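Working notes, beginning with the structure itself.
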Amino acid sequence: MNTEILGVVVQIALMVILAYPLGKYIAKVYRGEKTWSDFMAPIERVIYKVCGIDPNEEMNWKQFLKALLILNAFWFFWGMVLLVSQGWLPLNPDGNGPQTPDQAFNTCISFMVNCNLQHYSGESGLTYFTQLFVIMLFQFITAATGMAAMAGIMKSIAAKTTKTIGNFWQFLVISCTRILLPLSLIVGFILILQGTPMGFDGKMKVTTLEGQEQMVSQGPTAAIVPIKQLGTNGGGYFGVNSSHPLENPTYLSNMVECWSILIIPMAMVFALGFYTRRKKLAYSIFGVMLFAFLVGVCINVSQEMGGNPRIDELGIAQDNGAMEGKEVRLGAGATALWSIVTTVTSNGSVNGMHDSTMPLSGMMEMLNMQINTWFGGVGVGWMNYYTFIIIAVFISGLMVGRTPEFLGKKVEAREMKIATIVALLHPFVILVFTAISSYIYVHHPDFVESEGGWLNNLGFHGLSEQLYEYTSCAANNGSGFEGLGDNTYFWNWTCGIVLILSRFLPIIGQVAIAGLLAQKKFIPESAGTLKTDTLTFGVMTFVVIFIIAALSFFPVHALSTIAEHLSL
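The working numbering puts the sequence shown at residues 7 to 574.
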C-alpha cells in the first residue's frame with residue numbers, strides 16, 4: 007500500500023516539475039522566439055504554401071473564429087465519408103465493416119470536439135485506415151485547435167490595445183509541429199519499448215494458459231496512444247482503453263500515459279504567465295487548479311484503497327482495496343489517480359472501469375467534469391477558467407466599489423453577459439438532457455426496450471449512469487459509466503447534440519470576450535485597481551466556480567452518487 011501511494015506522489019511530482027519548463031517553451035513557440043524546434047520551419051512553410059496560408063496575416067476575433075469553425079466543419083464531413091465506407095477501404099486485415107450513419111455521426115462529432123466518446127469498441131469498430139486517418143488525425147487537429155484558441159487569447163491579453171489576436175492557422179500548425187508531434191514521438195518510443203504493438207498485421211492467434219486458441223487484435227497502437235493522451239483526447243485504440251494490456255502494458259507505461267494526460271494542460275497555465283509576462287497571475291491560477299486536483303486525488307485514492315464496506319461485511323479481505331473493475335498490475339491507487347487526472351482534463355481515457363468505482367469516487371469524477379475548469383483540455387481548460395475570472399472580476403469590483411477591470415481592460419455588461427451564458431450553458435445542457443433521458447426511461451419503456459433497455463443498473467446508480475454520460479459529453483471528456491448501453495439511435499444523436507453545443511458555443515464566447523477586451527483602451531494600474539494575481543482573488547475565483555458550477559449539480563448528486571454512498 008505504501009508503494010502504491012509513493013507511485014501516486016511521484017507521478018504528481020513529475021507532472022508539476024516538468025510542466026514549468028514545458029510552459030516556458032510553449033510560450034516561446036507562440037511568441038515566435040528562437041527555440042530548438044526551429045528546424046521544423048521548412049516543413050511548416052510547405053504546409054502554408056500548399057494550403058494557401060499567409061502565416062503573417064493578422065486576424066480579428068471574428069476572422070479567427072471563422073477559420074476555426076470552417077476547419078472543424080471540413081474534417082467532420084471527411085470523417086463521416088471514411089467511417090461509413092471503411093469496410094471497402096485499405097488497411098483492414100481483420101475485415102471490419104462500416105459504421106452506421108448515426109454511429110458515424112456520433113464518432114465524428116465526438117472526436118472533432120476533443121471528446122472521444124466511443125459508442126463502439128476500438129479494435130472491432132474501426133479499421134487501421136480510419137484509426138489513422140480519422141481518429142489519430144482528429145486527435146492532432148482538435149488538440150491543436152484548443153491550443154490555437156488559447157494562443158489567440160494570450161496574444162490579446164498581452165497586447166495593451168489591439169484589434170487582432172494572431173493567425174489561427176499559424177497557431178494550429180506550430181501547435182502540431184513543435185509541441186504535439188515531438189512529445190508524441192517521445193511517448194510513442196517509450197510505449198514501444200514497454201510492449202505496445204506498432205504494426206499493420208491482422209489479429210494474432212495465441213494459445214492461452216488453458217490451452218485454448220484466441221485471436222488477439224494488434225495494429226498501429228503505439229502511434230495513436232501518445233496523442234490520445236497528450237492531446238487530452240482519450241479515445242482508446244482498444245475497447246477497454248488503457249486498461250488493455252497491449253495499450254498500457256506495465257506500471258511504467260501507466261505512469262508515462264498518466265503524466266501525458268496532464269502535462270500540457272498544466273504547462274499551458276505556466277505558458278500564460280510567460281507569454282503575457284504575468285507569472286504571478288499564472289502561479290495564482292495554477293495554485294487554485296492544483297488545490298482542487300489534489301483534493302480529488304486524496305478522496306478517490308482513499309475511497310478506492312479503503313475497499314468496499316459491503317464486501318467487508320462478507321468477511322472477504324480487501325488488502326489491495328476495492329479491486330472490482332481494476333487491473334491487478336496497476337492497483338487501486340494508480341487507478342484512483344488516473345480517474346481524477348482523466349476527469350480534471352477533457353481526456354476521458356481510463357485504466358479501470360469508472361462504473362465500478364465507489365460512489366464518492368464517481369461523484370468526484372463527475373464533479374471534475376461538471377466544474378470543467380481544473381486544468382481541463384489542452385487550451386480550452388484555461389479558457390473555461392478565464393470565463394469565471396471575468397465573472398469574479400465583475401462581482402469583486404461591485405463588492406468593493408471599484409470599476410471591474412482585468413489586466414488593464416474594463417469588464418462591462420457585454421463581456422459579463424457572454425461569460426454568464428457560457429458558465430450557465432454547461433449545467434443547463436447536462437441537467438436538461440439527463441432529465442429528458444430519465445423521463446423517457448420511466449414513461450416510455452417500450453421505446454427504451456426497443457433500444458436494448460439502456461441501463462444495466464436501476465435506482466441511484468442508473469441515474470448516475472445517465473448523468474455521467476451527458477456530463478462526459480458536455481465536458482468533452484468521453485469516459486463513461488459503461489453499465490449504460492449507449493450505442494443506440496437515442497444516445498448517438500442526443501450525445502452528438504450535446505457535444506456540438508458544449509464545444510463550440512463556449513469557445514465562441516471566450517474568444518469573443520478576449521477580442522472585445524483587446525479592443526478596449528488600456529488603463530494603467532493604479533492604487534484603485536483590483537489585483538487579480540493575489541491569493542485573495544484566487545480564493546474568490548474558486549468560490550465563484552464552486553457556487554456556479556458545483557452547487558448546480560448538488561440536487562442530482564443527492565439523488566444519485568450521494569444516495570448510493572449512504573446506502574452502502
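Ideal placement from N, C-alpha and C gives every residue a C-beta, glycine not left out.
Computed from a prediction, not measured in an experiment: that's the story for all the values here.
Could you tell me which of the options sits nearest to residue i, measuring between CA atoms?
i	options	result
I267	L343, T202, K285 and P226	L343
Q235	L132, P410, Q145 and P451	Q145
E371	F439, V428, N483 and I436	N483
A155	N173, R420, Y495 and A323	N173
V307	I53, V384, E263 and V347	V347
S355	G131, N254, M65 and D100	N254
L430	V550, L97, G128 and T167	V550
T535	V417, P107, A338 and I568	V417
A165	T540, S290, R284 and S456	R284
T242	T538, E129 and I568	Sequence check: residue 242 is Gly here, not Thr. Comparing Cα positions, the closest option is E129.
P96	T113, F139, L75 and V56	F139
V6	F439, A340 and S190	It is not possible to answer for residue 6, since the shown part of the chain is limited to 7 through 574.
M153	A520, S566, L437 and P271	P271
For residue i and residue j, what's the separation of their Cα atoms in angstroms?
i	j	result
M389	A441	28 Å
C304	S345	12 Å
A584	L469	Residue 584 is absent from the model: the chain starts at 7 and stops at 574.
T542	I317	45 Å
R37	G544	27 Å
E330	G486	16 Å
E10	P251	19 Å
Q309	L473	21 Å
N326	R335	11 Å
F560	E570	14 Å
I32	A273	8 Å
M142	M210	23 Å
P433	N8	39 Å
N102	G383	31 Å
E64	F177	11 Å
F466	T363	14 Å
I396	A556	18 Å
I427	A398	14 Å
Q376	G387	12 Å
P365	S558	19 Å
S181	N353	18 Å
L413	M221	59 Å
P451	Y445	10 Å
L123	F528	42 Å
K40	K286	24 Å
Y257	I322	26 Å
P315	I568	15 Å
L278	A288	6 Å
I503	L320	45 Å
N98	V90	14 Å
M359	P512	29 Å
A228	C479	26 Å
F82	A481	19 Å
Please classify residue i: is it buried, with 16 or more other beta-carbons within 10 angstroms of its beta-carbon, or exposed?
i	result
Q516	buried
N260	buried
D361	buried
R184	buried
G205	exposed
W42	exposed
A419	exposed
I163	buried
R509	buried
Q224	buried
Please work out which residues of its chain come closer than 7 Å, Cβ to Cβ, to residue i, disregarding the five sequence neighbours upstream and downstream, and give them in chain order.
i	result
W380	M295, A298, F299, V350 and N374
W265	Q17, L20 and M21
W460	Y447, V454, L490 and G491
H6	Residue numbering for the chain in the displayed model covers 7 to 574; residue 6 lies beyond these limits and cannot be assessed.
I269	M21, L24, A25 and L28
N3	Past the boundaries of the shown model lies residue 3; the chain is included only from 7 to 574, so the question cannot be answered.
I53	V179
Y281	A33, Y36, R37, M160 and A164
By Cβ distance below 6 Å, which residues in the same chain neighbour residue i in space, the five residues on each side in sequence not counted?
i	result
L523	K415
T292	Per the sequence shown, residue 292 should be read as Phe rather than Thr. For F292, where only same-chain residues beyond five positions count, the Cβ hits under 6 Å are V275.
Q92	P104, T133 and T136
S443	Q472
G313	Q324, G327 and A328
If you drop the 5 nearest sequence neighbours on each side, which residues of the same chain put their C-beta closer than 8 Å to that of residue i?
i	result
I576	Lying before the first or after the last residue shown, residue 576 is absent from the chain, which here runs from 7 to 574.
V193	V231, P232, Q235, L236, V262, E263 and S266
Quick one: complete alpha helix (DSSP H) runs, 4+ long, within the segment 195-240? 227-236
Where in the segment 120-187 do unbroken runs of the alpha helix (DSSP H), each at least 4 residues long, occur, reported from the N-terminal end onward? 128-131, 143-164 and 174-181
Just list the alpha helix (DSSP H) runs in the segment 266-341, keeping only unbroken ones of 4 residues or longer that don't cross its boundaries, in chain order. 285-312 and 315-319
Mind pulling the beta strand (DSSP E) runs of 3 or more residues that sit fully within the segment 74-101? none
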